[in-house]
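As given, the protein sequences belong to chains A and B, one line each in that order. Letter by letter, the first sequence follows residues 496 to 894 in my numbering. Letter by letter, the second sequence follows residues 2 to 318 in my numbering. Using N, Cα and C, we set each Cβ at its ideal position, and we do this for glycine too. To start, the structure itself, in structure tokens.
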Amino acid sequence: MTSQAVDIPDPRASKGAYRQHARNWIQANLPAHMRADSLDYRTPTLEECQQWEAAMYRAGLAGMTWPKVYGGHGLSLREHLAVNKEIGAVAMPESVSSVGKELVGPVVMAIGTEAQKLEFLPDILAMRKFWCQGFSEPDAGSDLARLRTKASKEGDHWRINGQKIWTSGAAKANYCLLLTRTGTVSDAHRGMLMFAVPMNTPGIRYVPIRSIDDKPSFTEVFFDDVIVPDSARLGAPDEGWNAAGRVLSIERATNRMYRAWRFECELTQLVRACKSDSVLTKLLSDGYYQRRIGDVLSEIDGLKGLVERTVDSMMAGEQIGARGSLTKLYWSECHQAFASLALEIVSHVTPASSPLAQRARRYFSTAYLFARAETIYAGTSEVQLDIIAQRILKLPKDL
Amino acid sequence: MNQDEVLRDAACIVISKAKDQSFRDAANLLAEAGLFGLCAQEADGGMALALSPATQILNAAGEQQLNFPLAEQVLLAKYVSGSSFAAALTSGHKIGTVAWQGDISSGWAGHAAHAKNCDWLLVRESSSEGTGAALIDMAGQQMHVDATLDPEQLQYWIDIKSPTILWRINPEQYAALLHEAHVLSAAFAHGAAEHAMNATVAHLSTRVQFGGPLTSKQALRHSLSRMKLLQEVSGAAIARVLANNEYGEQRAAAASLVGSLRNAAFVIEKAIHLHGGMGFTWATPLHYGLRNVRKLEAAFSAGTLSQDLGRRFIERS
Numbered sequence: 496m497t498s499q500a501v502d503i504p505d506p507r508a509s510k511g512a513y514r515q516h517a518r519n520w521i522q523a524n525l526p527a528h529m530r531a532d533s534l535d536y537r538t539p540t541l542e543e544c545q546q547w548e549a550a551m552y553r554a555g556l557a558g559m560t561w562p563k564v565y566g567g568h569g570l571s572l573r574e575h576l577a578v579n580k581e582i583g584a585v586a587m588p589e590s591v592s593s594v595g596k597e598l599v600g601p602v603v604m605a606i607g608t609e610a611q612k613l614e615f616l617p618d619i620l621a622m623r624k625f626w627c628q629g630f631s632e633p634d635a636g637s638d639l640a641r642l643r644t645k646a647s648k649e650g651d652h653w654r655i656n657g658q659k660i661w662t663s664g665a666a667k668a669n670y671c672l673l674l675t676r677t678g679t680v681s682d683a684h685r686g687m688l689m690f691a692v693p694m695n696t697p698g699i700r701y702v703p704i705r706s707i708d709d710k711p712s713f714t715e716v717f718f719d720d721v722i723v724p725d726s727a728r729l730g731a732p733d734e735g736w737n738a739a740g741r742v743l744s745i746e747r748a749t750n751r752m753y754r755a756w757r758f759e760c761e762l763t764q765l766v767r768a769c770k771s772d773s774v775l776t777k778l779l780s781d782g783y784y785q786r787r788i789g790d791v792l793s794e795i796d797g798l799k800g801l802v803e804r805t806v807d808s809m810m811a812g813e814q815i816g817a818r819g820s821l822t823k824l825y826w827s828e829c830h831q832a833f834a835s836l837a838l839e840i841v842s843h844v845t846p847a848s849s850p851l852a853q854r855a856r857r858y859f860s861t862a863y864l865f866a867r868a869e870t871i872y873a874g875t876s877e878v879q880l881d882i883i884a885q886r887i888l889k890l891p892k893d894l
Numbered sequence: 002m003n004q005d006e007v008l009r010d011a012a013c014i015v016i017s018k019a020k021d022q023s024f025r026d027a028a029n030l031l032a033e034a035g036l037f038g039l040c041a042q043e044a045d046g047g048m049a050l051a052l053s054p055a056t057q058i059l060n061a062a063g064e065q066q067l068n069f070p071l072a073e074q075v076l077l078a079k080y081v082s083g084s085s086f087a088a089a090l091t092s093g094h095k096i097g098t099v100a101w102q103g104d105i106s107s108g109w110a111g112h113a114a115h116a117k118n119c120d121w122l123l124v125r126e127s128s129s130e131g132t133g134a135a136l137i138d139m140a141g142q143q144m145h146v147d148a149t150l151d152p153e154q155l156q157y158w159i160d161i162k163s164p165t166i167l168w169r170i171n172p173e174q175y176a177a178l179l180h181e182a183h184v185l186s187a188a189f190a191h192g193a194a195e196h197a198m199n200a201t202v203a204h205l206s207t208r209v210q211f212g213g214p215l216t217s218k219q220a221l222r223h224s225l226s227r228m229k230l231l232q233e234v235s236g237a238a239i240a241r242v243l244a245n246n247e248y249g250e251q252r253a254a255a256a257s258l259v260g261s262l263r264n265a266a267f268v269i270e271k272a273i274h275l276h277g278g279m280g281f282t283w284a285t286p287l288h289y290g291l292r293n294v295r296k297l298e299a300a301f302s303a304g305t306l307s308q309d310l311g312r313r314f315i316e317r318s
């Protein structure tokens, strides 16, 4: 992959130019061993992912909407979507810095000081610093208003005590986007405060949690008398709940905007693997599977429509609001159902099957297991249904 | 409010008047409002509009449960352009429908909405050049009633014997007509489901049981949320198919139709369920929408469409 400066097109010059640039650059630079649909695939190291994403950034394929002063490319959500379509269309690894790029960045831009923006944002895009997200707690998962991690002001610094759970990427993170409270649990959503906490601060320790796919996907993070300066505070005291809400709205609506296109890419990967094997080819000639694949395609089509409509709304100046819940709920449930279909198909793979089919069996078995998390993280399906009922349908609970 | 929405609002007023009229009186009202000529050429008395406003109006027709082959009339008026028949359709002097099943050579046609009341019928016709269609005169064609799915708005099987062919549509035009029929039918089904959705929200929000409105019950709130989700998905898919892709190419409509019909059936079935006994009886008009959606599903062979989508994807992957 190139480390040279890349000639990034001006999207105003011609329609589709930016998307074409993204497509050409990714095809020319993504190493075969990082393509999940390739026989050359092997799990890339963190360093390889870091280099790949840094190169993508230099090529104009990350930080599209961020202001140039913070290292971004100063473009619109249209280019963000165009690039995401191309990212989704290729079986490349998931970002190892999506928390930083898609959650922390927007929050820092919204409530951070100018000094914080200049300190944090360029490093996120250039892949120099990783972040993790410290929101969920053992007693505050779906009900975030019950979180207990306490921040106490002591002179010009803060003392933090508490415990976070389901934290992805804590081991590699340089910072934690930490949600705390300054009062008591009875304050509910009042008195919440957000921090950018360096993960090497004394008093922080983490314990890996092994997940269903046998990977240490999450960690429990403990904060024992962690002292941070007031300059680590993001936003004003009491602004944490709104900031958290903003993060979650973004997470549901725009985070990994490529999902619908990656979903289609996975379906292509599955079909190509089947076509490389005579037994699985026969399976695909069955009208039952053809129809099920057709049904998946119509779901993908609807999902793409939801994403594009969200971008149109945001481009028209509307807030994301609760619309992100629609996208998150639909994607997670449809993708979970697809993962089950894929598992059903690859269960026909044997040692005599083609190498690509065997590769697909490994990929989709893992994908099926990991898909269990999709209806849990970023707000469970039930939380999304509650949000739709309350904020979109505005259903009364009383007369 | 954009131009399509303004047009939709105006059409809503006409449709609400037309829905309670006899078939021919409804036709006159709709024709006077110019709705038959939405996509027809100006030389034929039409407005030559793009598909988008027609989609909005078919959506409104579905929402208001209009019993009239509006999509068929709009498309016929457009696709028989260049003949004297187009002006007759645009003005409402003649009413046409389309048989989505059967063809001339097999001698039968079916799944033609309101065939009994129509003057003309478009029927598929195969030739060495591909599948086109022929517009035939309904006079003298024998029809067999099929009341199994809809005892009120009857369906018919039509014997095609020595038909008087008025006009022919070539395979390329027929493919374009079918594409637009998919879009308009998806919009109609989406509208039908919107009616059911709104009725159910209103009912559950005001019906008091166990000391509060039914919407205070989480299970029911979640059911309504799922209905809303699928409504949003269908609306977004229909909007998507109306817009060309990034390369200026037309998007295929089959996925949108398959999804919209599946989602609409879910929404209306759930609406009937959530209305309880009232939903199952004629106390609520939900059954009209369900019948219409299931008729469209059968007319366009939604299952086969989905299978074709899958098969073609497999072939090109």
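- For the pair of segments examined, the region 868 to 885 of chain A was found not to touch the region 207 to 214 of chain B: the number of CB pairs separated by less than 8 angstroms stays below three.
- Taking 3 residues as the shortest admissible run, the region 664 to 701 of chain A contains the following complete beta strand (DSSP E) segments, listed from N- to C-terminal end: 670 to 676, 687 to 693.
- In the three-state scheme derived from DSSP, where H, G and I count as helix and E and B as strand, VAL146(B) is classed as strand.
- In this chain, GLN154(B) is not harboured by any alpha helix (DSSP H), its DSSP state being neither H nor E.
- Cβ proximity to chain A below 8 angstroms picks out THR207, VAL209, GLY213, PRO214, THR216, SER217, GLN219, ARG222, HIS223, LEU225 from the region 207 to 225 of chain B.
- The residues GLY567, LEU570, SER571, LEU572, HIS575, in chain order, have a CB closer than 7 angstroms to that of THR560(A) in the same chain once the five nearest residues on each side in sequence are set aside.
- Flagged as an interface residue toward chain A: GLU247(B), by a C-beta distance shorter than 7 angstroms.
- For ALA873(A), no chain B residue has a C-beta closer than 9 angstroms to its own C-beta; the minimum C-beta separation is roughly 16 angstroms.
- Assignment of beta-bridge partners to ILE137(B) by DSSP yields LEU122(B), ILE166(B).
- For GLN4(B), no CB of chain A lies under 7 angstroms from its own CB, so it is not counted at the interface with that chain.
- Judged by DSSP in its simplified three-state form, HIS204(B) adopts helix.
- In the DSSP secondary-structure assignment, VAL723(A) is bridged to TRP653(A).
- In the DSSP annotation of this structure, the continuous segment of the alpha helix (DSSP H) that includes GLY819(A) starts and ends at 818 to 841.
- In the structure shown, ARG728(A) adopts extended strand secondary structure according to DSSP, grouped into three states.
- At a beta-carbon threshold of 9 angstroms, none of the residues of chain A lie near ILE269(B); the nearest stands roughly 17 angstroms away.
- DSSP places VAL259(B) in the helix class (H, G or I) of the three-state scheme.
- ARG241(B) has its alpha-carbon roughly 9 angstroms from the corresponding atom of LEU801(A).
- Contact note: LYS296(B) does not reach chain A at a C-beta cutoff of 9 angstroms; the least C-beta distance is about 19 angstroms.
- TRP283(B) carries a coil assignment under DSSP once its states are collapsed to helix, strand and coil.
- Contact between SER235(B) and ALA265(B) holds, since their C-beta atoms are separated by about 7 angstroms, short of 8 angstroms.
- According to the DSSP assignment, ALA28(B) belongs to the alpha helix (DSSP H) that extends over 24 to 33.
- The three-state reading of DSSP puts GLU543(A) in helix, counting H, G and I together.
- Residue nearest to HIS652(A) within the set ALA834(A), ARG728(A), LEU765(A), LEU824(A) is ARG728(A) (criterion: CA-CA distance).
- Selection ALA200(B), GLY131(B), GLU316(B), PRO286(B) evaluated against GLY789(A) yields GLU316(B) as nearest (Cα-Cα).
- The region 713 to 725 of chain A makes no contact with the region 549 to 563 of chain A, as fewer than three CB pairs between them are under 8 angstroms.
- Residue environment analysis places LYS79(B) among the buried positions, since at least 16 neighbouring C-beta atoms fall within 10 angstroms of its C-beta.
- Assignment of alpha helix (DSSP H) within the region 755 to 826 of chain A, counting only whole runs of 4 or more residues, yields 773 to 779, 782 to 810 in chain order.
- Any Cβ of chain A closer than 7 angstroms to the Cβ of SER318(B) would place that residue at the interface, and such an atom is present.
- Contact fails between the region 269 to 279 of chain B and the region 747 to 757 of chain A, because fewer than three Cβ pairs, one in each stretch, are under 8 angstroms apart.
- By the 16-neighbour rule on beta-carbons within 10 angstroms, TYR783(A) is exposed.
- Contact between the region 516 to 535 of chain A and the region 582 to 595 of chain A is present: three or more C-beta pairs spanning the two stretches fall below 8 angstroms.
- According to the DSSP assignment, ASP5(B) belongs to the alpha helix (DSSP H) that extends over 4 to 19.
- By the Cβ neighbour-count rule, GLU761(A) is buried, with 16 or more other Cβ atoms within 10 Å of its own.
- Contact check between the region 144 to 158 of chain B and the region 9 to 18 of chain B: fewer than three CB pairs, one atom from each, fall below 8 angstroms, which does not count as touching.
- THR679(A) counts as exposed, since fewer than 16 other C-beta atoms from the protein chains shown sit within 10 angstroms of its C-beta.
- Residues are counted here when their Cβ sits less than 7 angstroms from a Cβ of chain B; for the region 751 to 769 of chain A these are THR763, VAL766, ARG767, given in chain order.
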